[in-house]
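**Student:** What follows is a structure written as structure tokens; I'll ask about it next.
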Amino acid sequence: MTTLNTRTTRSPEPEIVDTPVTGFRAAPRALEDVRLDRVSSTEWRVSDRRFLTETGRAVIGVVDRVGPAYRVTVLNHPDHTEFYGSLAAARNAFVERE
Numbered sequence: 000m001t002t003l004n005t006r007t008t009r010s011p012e013p014e015i016v017d018t019p020v021t022g023f024r025a026a027p028r029a030l031e032d033v034r035l036d037r038v039s040s041t042e043w044r045v046s047d048r049r050f051l052t053e054t055g056r057a058v059i060g061v062v063d064r065v066g067p068a069y070r071v072t073v074l075n076h077p078d079h080t081e082f083y084g085s086l087a088a089a090r091n092a093f094v095e096r097e
């Protein structure tokens with residue numbers, strides 16, 4: 000007797016790949032590429048909109064409120080912090096200049 004498998008197998012979900020592109024230099028990060036996501040009443044996660052958020056590559060820093068100032072920490076240089084007088088100025092700190 001021959002038995003047929005009538006169950007359908009579900010194909011695996013496609014893997015999200017966000018590999019770096021080589022061979023050219025990406026355009027500098029503009030203000031519209033910088034996204035602030037509030038994570039608490041005094042903290043914001045800073046992301047680059049040009050990258051997929053699912054990979055974690057998009058996160059580029061954090062901003063937190065310290066008294067009247069906003070402290071900026073860039074993940075590439077976590078030991079270096081800068082202070083700004085407004086949230087808009089703190090966001091602007093993540094813009095790349097040529």
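When we follow numbering that gives the first Met the number 0, the leftmost residue of the sequence shown carries the number 0, and every step to the right adds one.
Backbone N, C-alpha and C define an ideal beta-carbon position, used for all residues, glycine too.
Remember, predicted model here, so these are calculated numbers, not experimental data.
1. Provide the residue span of the beta strand (DSSP E) that contains Ala92, from first to last.
2. Roughly how many whole angstroms lie between the Cα atoms of Leu86 and Arg48?
3. Between which residues of its own chain and Pro27 is the CB-CB distance below 8 Å, once the five residues before and five after are set aside?
4. Considering Cα atoms alone, identify which of Ala25, Gly84, Pro77 and Val58 is closest to Leu35.
5. Please return the same chain residues whose Cβ sits closer than 7 Å to the Cβ of Thr41, not counting the five positions on each side in sequence.
**Tutor:** According to the structure shown:
1. Taken as a continuous stretch (DSSP letters only), Ala92 belongs to no beta strand (DSSP E), as it is neither H nor E.
2. 18 Å
3. Val94, Glu95, Arg96 and Glu97
4. Val58
5. Asp63 and Arg64
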